[in-house]
Amino acid sequence: MIPEPAPTVRELLAFYLEAGVDCALAEEPIDRLAEADAPPPVPRAAPPAEAPRPVAAPAVLRGEAAPAPDIAIASARDAARTAPTLEVLRELMQSFEGCALKHTATRLVFADGNPQARIMFVGEAPGRDEDIEGLPFVGRSGKLLDLMIGAIGLNRTTTYIANVIPWRPPGNRTPTPQETQICLPFIQRQIELVNPDVLVTLGNPSTQTLLSTREGIMRTRGRWFDYDTGQRTIRAIATFHPAYLLRSPSYKRLAWQDLRAIAKVLGQIGSPSS
186 MIPEPAPTVR
196 ELLAFYLEAG
206 VDCALAEEPI
216 DRLAEADAPP
226 PVPRAAPPAE
236 APRPVAAPAV
246 LRGEAAPAPD
256 IAIASARDAA
266 RTAPTLEVLR
276 ELMQSFEGCA
286 LKHTATRLVF
296 ADGNPQARIM
306 FVGEAPGRDE
316 DIEGLPFVGR
326 SGKLLDLMIG
336 AIGLNRTTTY
346 IANVIPWRPP
356 GNRTPTPQET
366 QICLPFIQRQ
376 IELVNPDVLV
386 TLGNPSTQTL
396 LSTREGIMRT
406 RGRWFDYDTG
416 QRTIRAIATF
426 HPAYLLRSPS
436 YKRLAWQDLR
446 AIAKVLGQIG
456 SPSS
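Last residue of the sequence shown: 459 (my numbering), numbering continuous.
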């Protein structure tokens with residue numbers, strides 16, 4: 186058999202991009218082959234046996250390990266409920282160490298827009314562009330979202346935009362259920378503090394997480410839900426995530442129907458008779 190030629194650097198880069206690897210986690214490259222060729226350490230004679238003594242648990246360095254999920258969820262819940270303002274909530278999330286995604290992301294992606302907005306959009310998690318800029322929906326899907334809200338007379342000064350997960354998962358992978366549950370108290374408190382008249386969930390993950398439904402986006406989109414903050418009930422509606430519309434543009438017609446329904450309800454809530 187004729188051996189296959191070794192891949193070129195360009196082919197390797199294309200392979201890694203297809204696999205979702207689009208950034209490096211270290212400043213300098215590591216030669217793993219050189220490490221493998223290093224001579225094994227010379228074994229030392231075992232010390233004489235002595236009576237066992239109690240050993241203190243090693244300290245966990247930042248980024249090495251996250252606490253157990255139930256502990257992290259409880260910690261997030263306790264921290265979120267103490268935040269009196271969005272600014273304090275952001276600071277608490279910056280210092281929160283309970284989610285491992287924080288240590289692979291470049292920065293916290295908190296929110297964008299107007300905290301006094303009457304409408305709030307919530308997606309799933311930041312992508313590569315959002316991780317670089319620290320703002321939600323700034324890549325291709327963000328540009329489409331701007332066009333979508335612009336079609337009903339809105340923009341980023343009249344809306345508030347956030348994600349369920351505030352840190353980018355490595356390689357844009359899907360967040361795990363544990364990661365979602367750890368971050369859930371923060372977005373719930375964010376919604377409470379913004380206190381919009383209308384909440385719009387973008388895509389299936391944010392819809393299922395925030396609206397407590399197991400149905401897919403095809404069944405939930407365009408339907409109105411009641412979102413209870415504990416202080417008031419907010420009208421909520423699900424629609425397609427802009428990234429999905431980029432992959433499946435034929436569904437833009439349905440998304441336009443959802444946007445018209447949103448504009449109608451905003452008009453009703455804002456009318457003197459409401």
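Don't be surprised by glycine CBs; every beta carbon is placed ideally from N, CA and C.
Out of G319, E309, Y436 and R303, state which residue places its alpha-carbon closest to the alpha-carbon of Q279.
Comparing Cα positions, the closest option is G319.
Taking buried to mean at least 16 other C-beta atoms within 10 Å of its own C-beta, is K449 buried or exposed?
Looking at its Cβ environment, which holds fewer than 16 other Cβ atoms inside 10 Å, K449 is exposed.
Leaving out five residues before and five after P354 in sequence, what residues of the same chain have Cβ atoms less than 7 Å from its Cβ?
Closer than 7 Å at the Cβ level, and outside the excluded window around P354, lie L286, A310 and P360.
Quick one: residues in its chain with C-beta nearer than 7 Å to the C-beta of R262, no 5 flanking neighbours on either side, listed in chain order?
Excluding positions up to five away in sequence, the list reads P370.
Can you tell me whether DSSP reads A236 as helix, strand or coil?
In this prediction, A236 has a pLDDT of 43, which is less than 50 and means its spatial position is unreliable; what the coordinates show is noted afterwards. Of the three classes helix, strand and coil, the one that applies to A236 here is coil, per DSSP.
Which same chain residues, not among the five before or five after G388, have their C-beta less than 7 Å away from its C-beta?
Same-chain partners within the cutoff: G308, E309, I402, F425, H426 and Y429.
Could you have a look at D382 and say whether DSSP puts it in helix, strand or coil?
In the structure shown, D382 sits in coil (DSSP, three-state: anything other than H, G, I, E or B).
Where does F322 sit, in a helix, a strand or coil, going by DSSP?
Looking at F322 - three-state DSSP - the assignment turns out to be coil, as it is neither helix nor strand.
Let me check understanding here. Comparing Cα to Cα, which of H288, I334, G324 and L384 lies closest to D411?
Per the Cα distances, L384.
Opposite G298 in the DSSP bridges: which residues?
According to DSSP, which records beta bridges pairwise, G298 is partnered with Y345.
Can you give me the start and stop residues for the beta strand (DSSP E) that Y436 sits inside?
No beta strand (DSSP E) contains Y436, which DSSP labels as neither H nor E.
Measure the C-alpha to C-alpha separation of D443 and W352 and round it to an integer number of angstroms.
One C-alpha to the other measures close to 28 Å.
Are the CB atoms of L274 and L378 within a distance shorter than 8 Å?
Against a cut-off of 8 Å, the Cβ pair of L274 and L378 comes out as a contact.
State the Cα-Cα distance for the pair G338 and F306, rounded to the nearest angstrom.
Those two C-alpha atoms are separated by around 15 Å.
Hey, would you say P321 sits closer than 8 Å to V349, going by beta carbons?
Result no, Cβ atoms of P321 and V349 do not sit closer than 8 Å.
Is any heavy atom in the ligand PLP found nearer than 7 Å to the beta carbon of A259?
The ligand PLP is absent from the structure shown, which contains no ligand whatsoever.
Put T291 into one of helix, strand or coil per three-state DSSP.
Coil at T291, not helix or strand.
In terms of DSSP beta bridges, what is I304 paired with?
The partner list for I304 (beta bridge, DSSP) reads V383.
Whole angstroms are fine: how far does the CA of A440 sit from the CA of S433?
Roughly 11 Å separates the two Cα atoms.
Rounded to whole angstroms, what's the CA-CA distance from E272 to E400? Just pull it up for me.
Using only the alpha carbons, I get a separation of about 34 Å.
Could you tell me which of E276, A257, R341 and A265 sits nearest to G283, measuring between CA atoms?
Closest option to G283, Cα to Cα, is A257.
Please state whether DSSP places F410 in a helix, a strand or coil.
Three-state result, F410: strand.
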